[in-house]
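Heads up: the structure comes next, in structure tokens.
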Ligand SMILES: [Zn+2]
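Numbering (our numbering), first residue to last: -4 to 76.
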């Protein structure tokens, strides 16, 4: 898996999908890839804060990347219906 595939898979990962193969690939990638690990940490942290009722400012660049990624994923998911 490359970084793009990892980011795409993250959506399912944080949605609570626990596909063992994806988790394994993710974790293996995260061991070697510091930028992706930071993204995952940030997402986990954000979700935790979000669930706890806090809002959080993401760094602009990460926010933009996440936003683009999520929009692509949502379009892929819902535009076909
Ligand atoms: Zn990566």
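Ideal Cβ positions, reconstructed from N, Cα and C, are used throughout, including at glycine.
task: Locate the alpha helix (DSSP H) running through residue 58, then write down its first and last residues.
output: As a position in the chain shown, residue 58 is number 63, starting the count at 1. Taken as a continuous stretch (DSSP letters only), the alpha helix (DSSP H) holding residue 58 covers 55 to 73.
field: Close Cβ partners of residue 85 (< 6 Å) along its chain, the five nearest in sequence each way excluded
entry: The question about residue 85 has no answer, for the chain in this structure spans -4 to 76.
Residue -3: first and last residue of the uninterrupted alpha helix (DSSP H) it sits in: As a position in the chain shown, residue -3 is number 2, starting the count at 1. Element bounds for residue -3: n/a, residue is neither H nor E.
query: Assuming residue 37 and residue 57 make a contact with CB atoms under 8 Å, what is their CB distance in whole Å?
result: Residue mapping note: residue 37 aligns to position 42 of the chain shown, counting from 1. Residue mapping note: residue 57 aligns to position 62 of the chain shown, counting from 1. Confirmed, Cβ separation roughly 6 Å.
message: I need the DSSP call for residue 36, collapsed to helix, strand or coil.
response: For this step, residue 36 is matched to residue 41 along the chain shown. Annotated three-state conformation of residue 36 is helix, per DSSP.
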